[in-house]
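> Below are the structure tokens for one structure; questions will follow.
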């Protein structure tokens with residue numbers, strides 16, 4: 007192959023790169039790792055923000071502010087230049103208890119402008135059109151199928167005052183988590199139709215809320231202030247879509263400001279970690295070639311030319327290392343997004359599978375280039391300052407000359423030299439142990455966000471039902487055989503019933519502090535007992551399962567001790583039932599009865615014991631979990647079957663349904679999304695710590711190979727050299743951990759207080775688990791970091807090594 | 381008594397067209413206290429010979445016996461320990477340990493044995509080398525000649541039977557070179573150590589008892605002051 011002719015002294019850069027391929031590869035790897043770290047964390051943060059935005063828009067809509075105002079004010083608001091879209095919205099019978107009914111079913115009534123559909127993507131008309139006239143309505147999917155209506159049919163709404171209103175159905179609205187949960191019948195009218203329902207008798211407020219979405223790059227808080235002032239609105243007449251505004255960095259809420267501060271601190275930490283990694287690597291790479299640069303000076307290169315040489319070399323590393331770091335960062339982000347789509351396909355379908363985060367890419371590229379150029383400056387100056395004499399004297403070591411002798415009195419000479427290699431050069435010592443420390447600081451800092459996640463998002467319990475059937479009056483009137491019948495459906499994964507009975511524990515009896523207590527006894531089947539097993543704080547789980555006692559739900563203000571007994575009223579008499587154990591939490595709410603002030607308690611017992619005590623064989627509640635992929639039609643079919651069966655059995659008090667599928671999906675989506683990204687961050691940080699330690703030690707060893715060769719020549723054994731490398735690694739690790747803890751723990755405390763204490767009041771505790779994990783990662787990395795170089799040292803030929811002058 | 385015995389030493393580098401026979405059946409021996417000088421052109425095989433004798437490199441054929449022990453029959457670890465206890469090395473580039481001061485560099489082979497150095501012996505060596513006032517200095521604070529003197533001190537501290545010096549004056553001015561030669565002569569005459577030195581400078585061979593020349597891997601003895 008024809009050799010390329012050198013036309014410029016800088017053409018030496020690629021030739022020199024070929025000669026120093028291995029060392030350059032390590033520096034490149036360091037740049038790749040740093041760029042990867044920054045790209046992946048910023049991309050993931052960006053994607054998480056997008057995912058949160060998808061969720062926020064789904065659950066809360068994409069409006070920015072809502073104002074309680076009349077139509078004239080709404081028109082003025084819409085005319086403001088920064089307002090992109092406005093829509094009026096009003097709701098009647100929100101709690102489904104005011105007596106607005108269609109065919110005897112309590113009905114919620116929403117009225118809004120067509121534009122609202124743009125602001126609430128969840129409020130989607132899946133079939134038909136928006137009601138144009140005041141006597142037209144859209145109805146929600148489940149109500150439509152319950153009423154057996156269709157587009158074009160007429161429905162009659164009866165108001166609490168006895169008036170009737172007729173509406174022609176023009177469309178079917180998609181079910182939302184809220185309507186499904188309360189099995190609500192909801193009709194949607196246009197604003198004109200909604201206003202028509204009001205009469206002087208209703209006594210309802212006539213105002214509708216006007217939702218507004220602002221244009222991009224608008225200072226929303228400032229606009230809200232101006233709008234409030236313009237229309238003399240009180241603070242309680244203005245609402246803000248807090249989550250969406252937070253994600254747009256437009257919130258001024260003090261908690262959110264704290265949140266932004268946390269994000270800024272974490273972003274800065276990630277940047278600093280990247281900068282440290284690159285700087286330490288460049289420093290070591292250039293320092294190792296002092297002699298080469300001295301030789302260049304000797305041959306007539308000026309200081310400036312050497313600086314240019316070093317800079318060009320650094321940029322040539324960037325050419326391949328930065329794209330590699332950015333691409334690998336993007337790949338990891340894609341994997342995480344893919345995971346989200348896989349875990350919660352319906353919820354995250356809006357997330358792009360191969361989304362590109364320009365923020366992540368820009369952060370990676372800018373940090374990479376800027377750091378490489380800045381980091382190249384000092385070594386370049388040092389290289390330029392090498393005296394030609396140093397180069398020709400043959401005494402320009404591959405490593406910096408020591409300023410202080412190693413202490414061979416405390417440690418053996420091999421260990422002492424290792425320790426000295428680590429601490430000999432202060433700058434190098436702080437760069438390397440600093441980069442180790444930064445892994446710990448990052449890990450501990452992001453660890454605080456995991457605590458935040460555990461507080462902010464309650465993961466779905468394994469017992470959470472997709473569909474819930476309850477007796478209308480909470481009596482145990484649902485036939486027990488219904489559970490078996492439901493379970494037989496191919497799309498039902500599991501169905502389980504619960505009976506319940508509430509009675510008063512009398513004062514002076516076994517109650518606490520002589521107070522009365524309202525106790526609800528709930529029956530569990532074997533599967534429910536299994537789920538509850540994880541929450542057992544004390545006592546014997548088996549006794550409760552076998553019907554020999556009850557489990558009590560924990561109350562902070564005191565409760566019956568395990569081993570004592572509860573007097574359960576059985577007809578005329580009462581029966582003593584022992585307390586077998588205490589459960590830390592149960593999936594039912596209890597506390598203090600608001601009307602009587604009595605304390606409430608929950609006791610769990612087996613189905614057999616429940617029947618012995620109360621005689622009831624039926625259930626008050628049946629929970630159903632579906633197989634994945636169940637369709638709405640199948641759920642409706644099941645619902646019809648249950649309704650029919652209950653009619654046959656003449657269930658007193660009627661039945662209520664609650665479809666929790668959408669809610670569960672949202673809840674799962676939120677916990678998956680945050681979990682995937684936060685644990686993803688921690689994994690990336692742990693990986694970076696691992697590779698950084700490996701690379702640092704490998705670079706340090708490779709910089710000293712000639713020195714090791716000389717030591718081998720004068721009689722140092724391989725084992726002694728490996729011990730020396732151990733000494734160096736342990737020193738870096740020890741001080742890295744020390745510095746990491748000194749800075750990381752206060753930072754963890756600060757972030758915990760900002761994210762958790764301020765909101766939930768929990769006191770900060772030492773993050774033992776996170777600390778242990780990162781210590782294990784660093785310890786394992788240190789062990790592995792010595793293994794590679796130890797192998798190289800074993801295979802090293804002394805003659806070649808010392809002869810490489 | 382023969383301290384060093386080299387028998388039919390052969391070393392080949394590379395293969396095919398790049399094959400170079402660096403040593404061709406080299407045989408010779410040296411007695412206790414003898415001072416030998418090896419001369420030859422660049423690439424003639426001088427350094428290969430010295431590296432093989434010192435156990436830094438392995439020969440393809442032949443034996444090297446030092447104090448009647450075959451160094452190629454030893455394992456890697458055993459050979460390293462044997463080297464630090466029985467052979468002193470002096471290099472053209474000194475190869476001092478930058479993190480150790482003069483005194484620590486000199487006693488380094490003893491420290492590797494985890495032995496406590498004999499104070500009197502260290503003082504004696506420092507005095508002989510003329511480095512008493514520099515004992516706490518780091519290599520970077522010394523001149524080339526001083527550094528080479530430290531390297532000589534390191535080679536002599538274990539009182540090795542054999543001292544191997546590879547161009548010990550190559551990086552030094554004439555005065556320093558003379559100092560180094562005087563020290564090597566003293567090691568040979570005063571301490572009865574066998575010294576084998578490689579040099580380009582024919583003038584320096586005048587101090588040697590025996591002079592060898594290596595030409596294309598073949599060793600021949602040019603002359604001797606003592607009867608074998």
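Protein chains in written order, with this note's numbering: chain A, 7 to 811; chain B, 381 to 608.
Just so it is clear, CB atoms sit at the ideal spot from N, CA and C, and this is done for glycine as well.
#1: To the nearest angstrom, how far is it from the Cα of residue 579 of chain B to the Cα of residue 471 of chain B?
#2: Express the C-alpha separation of residue 436 of chain A and residue 287 of chain A in angstroms, rounding to a whole number.
#3: Among residues of its own chain, excluding the 5 on either side of residue 233 of chain A, which ones have a beta-carbon nearer than 6 angstroms to its beta-carbon?
#4: Nearest by alpha-carbon distance to residue 77 of chain A: which of A:587, A:201, A:329, A:804 is it?
#5: Under a three-way DSSP split, which group does residue 403 of chain A fall into?
#6: CA-CA distance, residue 459 of chain A and residue 797 of chain A?
#7: Would residue 477 of chain B count as contacting chain A if we go by Cβ distances under 8 angstroms?
#8: Assuming residue 125 of chain A and residue 68 of chain A make a contact with CB atoms under 8 angstroms, what is their CB distance in whole Å?
#9: Note down, in chain order, each residue of its chain lying with its Cβ closer than 6 angstroms to the Cβ of residue 541 of chain A, except the 5 sequence neighbours on either side.
#10: So, does the CB of residue 408 of chain B fall closer than 8 angstroms to a CB anywhere in chain A?
#11: Do residue 384 of chain B and residue 594 of chain B come within 8 angstroms of each other at the CB atom, strictly closer than that value?
#12: Starting from residue 558 of chain B, follow the beta strand (DSSP E) in both directions and report where the run begins and ends.
#13: What whole-angstrom Cβ distance do residue 190 of chain A and residue 102 of chain A have, given they're in contact under 8 angstroms?
#14: Below 8 angstroms on the Cβ atoms is my guess for residue 276 of chain A versus residue 438 of chain A; work out the distance and round it to an integer in Å.
#15: Which residues does DSSP pair with residue 450 of chain B in a beta bridge?
#16: Rounded to whole angstroms, what's the CA-CA distance from residue 537 of chain A to residue 587 of chain A? Just pull it up for me.
#17: Closer than 8 angstroms, CB to CB, is residue 428 of chain A near chain B or not?
#18: Along the chain, where does the beta strand (DSSP E) containing residue 224 of chain A start, and where does it finish?
#19: Drop a sphere of 10 angstroms on the beta-carbon of residue 666 of chain A, count the other beta-carbons inside from all chains shown, and report buried for 16 or more, exposed for fewer.
#20: Any C-beta of chain A within less than 9 angstroms: which residues of the region 562–590 of chain B qualify?
#21: DSSP beta-bridge partners for residue 116 of chain A?
#22: Is residue 662 of chain A closer than 8 angstroms to residue 497 of chain A when the C-beta atoms are compared?
#23: CB-CB under 7 angstroms to residue 575 of chain A, same chain, minus the five flanking residues each way: which ones, in chain order?
#24: Starting from residue 404 of chain B and walking both ways along the alpha helix (DSSP H), at which residues does that stretch end?
#25: Is residue 22 of chain A helix, strand or coil when you go by DSSP?
#26: Under 7 angstroms Cβ to Cβ from residue 795 of chain A, same chain only, skipping five residues before and after it: list those, please.
#27: Report the CB separation of residue 377 of chain A from residue 281 of chain A in whole angstroms; it is logged as a contact under 8 angstroms.
#28: Fully enclosed by the region 639–712 of chain A, which beta strand (DSSP E) runs are 3 residues long or longer?
#29: Kindly indicate which three-state DSSP category residue 792 of chain A falls into: helix, strand or coil?
#30: Closest Cβ-Cβ distance between residue 484 of chain B and chain A: below 8 angstroms?
#31: I'd like the span of the alpha helix (DSSP H) that includes residue 489 of chain A, first residue to last.
#32: Does residue 488 of chain B have its Cβ less than 8 angstroms from a Cβ in chain A?
#33: In whole angstroms, what separates the C-alpha of residue 409 of chain A from that of residue 432 of chain A?
#34: One question on the structure: do residue 695 of chain A and residue 782 of chain A come within less than 8 angstroms of each other, judged by their Cβ atoms?
#35: Ignore the nearest five residues each way along the sequence and tell me which others in residue 30 of chain A's own chain have a CB closer than 6 angstroms to its CB.
#36: Give the secondary structure of residue 290 of chain A by DSSP, where H, G and I count as helix, E and B as strand, and everything else as coil.
From the atom records:
#1: Looking at the two C-alpha atoms, the distance is approximately 11 angstroms.
#2: Each residue's CA atom was taken as its position, placing residue 287 of chain A and residue 436 of chain A some 13 angstroms apart.
#3: Within the same chain, no Cβ atom closer than 6 angstroms to the Cβ of residue 233 of chain A is found once the five residues on either side in sequence are excluded.
#4: Nearest of A:587, A:201, A:329, A:804 to residue 77 of chain A, Cα basis: A:201.
#5: Reliability of the predicted coordinates at residue 403 of chain A is poor, the pLDDT of 46 falling under 50, and the value obtained from them is presented with this limitation in mind. The DSSP-derived three-state label of residue 403 of chain A is coil.
#6: Looking at the backbone, the Cα of residue 459 of chain A and that of residue 797 of chain A are separated by about 44 angstroms.
#7: Chain A, which has a Cβ nearer than 8 angstroms to the Cβ of residue 477 of chain B, makes this yes.
#8: Taking 8 angstroms as the upper bound for CB-CB distance, residue 125 of chain A and residue 68 of chain A are in contact here, some 6 angstroms apart.
#9: Excluding positions up to five away in sequence, the list reads 589, 590, 591.
#10: Residue 408 of chain B is outside the set of residues whose beta carbon lies under 8 angstroms from a beta carbon in chain A.
#11: In this structure, residue 384 of chain B does not lie closer than 8 angstroms to residue 594 of chain B by Cβ.
#12: Under the DSSP assignment, residue 558 of chain B falls outside any beta strand (DSSP E), being part of the alpha helix (DSSP H) whose first and last residues are 554–569.
#13: Right, their Cβ atoms sit about 6 angstroms apart.
#14: Taking 8 angstroms as the upper bound for CB-CB distance, residue 276 of chain A and residue 438 of chain A are not in contact here, some 19 angstroms apart.
#15: In the DSSP output, where bridge partners are listed per residue, residue 450 of chain B has B:445.
#16: Note on geometry: alpha-carbon atoms of residue 537 of chain A and residue 587 of chain A lie some 15 angstroms from one another.
#17: Answer no: the Cβ-Cβ gap between residue 428 of chain A and chain B never drops below 8 angstroms.
#18: Bounds of any beta strand (DSSP E) do not take in residue 224 of chain A, whose DSSP letter is neither H nor E.
#19: Residue 666 of chain A is buried by the Cβ-count criterion.
#20: Correct list: empty, as no residue qualifies.
#21: According to DSSP, residue 116 of chain A bridges with A:97, A:194.
#22: Contact: no.
#23: Contacts found: 509.
#24: Not the alpha helix (DSSP H): residue 404 of chain B falls in the beta strand (DSSP E), residues 400–411.
#25: Collapsing the DSSP output to three states places residue 22 of chain A in a helix.
#26: Counting only Cβ-Cβ distances below 7 angstroms, and skipping sequence neighbours, we find 703, 704, 707, 731.
#27: So it is a contact: roughly 5 angstroms between Cβ atoms.
#28: Counting whole runs of 3 or more residues, the region 639–712 of chain A contains the beta strand (DSSP E) stretches 661–665.
#29: Under the three-state reduction of DSSP output, residue 792 of chain A falls in the helix class.
#30: Yes, because at least one Cβ of chain A sits closer than 8 angstroms to the Cβ of residue 484 of chain B.
#31: First-last of the alpha helix (DSSP H) with residue 489 of chain A: 487–493.
#32: Closer than 8 angstroms: yes.
#33: Here the alpha carbon of residue 409 of chain A sits roughly 10 angstroms from the alpha carbon of residue 432 of chain A.
#34: One thing to note: residue 695 of chain A has its Cβ no nearer than 8 angstroms to the Cβ of residue 782 of chain A.
#35: Excluding its 5 nearest sequence neighbours in each direction, residue 30 of chain A has C-beta neighbours in its own chain below 6 angstroms: 23, listed in chain order.
#36: DSSP places residue 290 of chain A within a helical segment (H, G or I) once states are collapsed to three.
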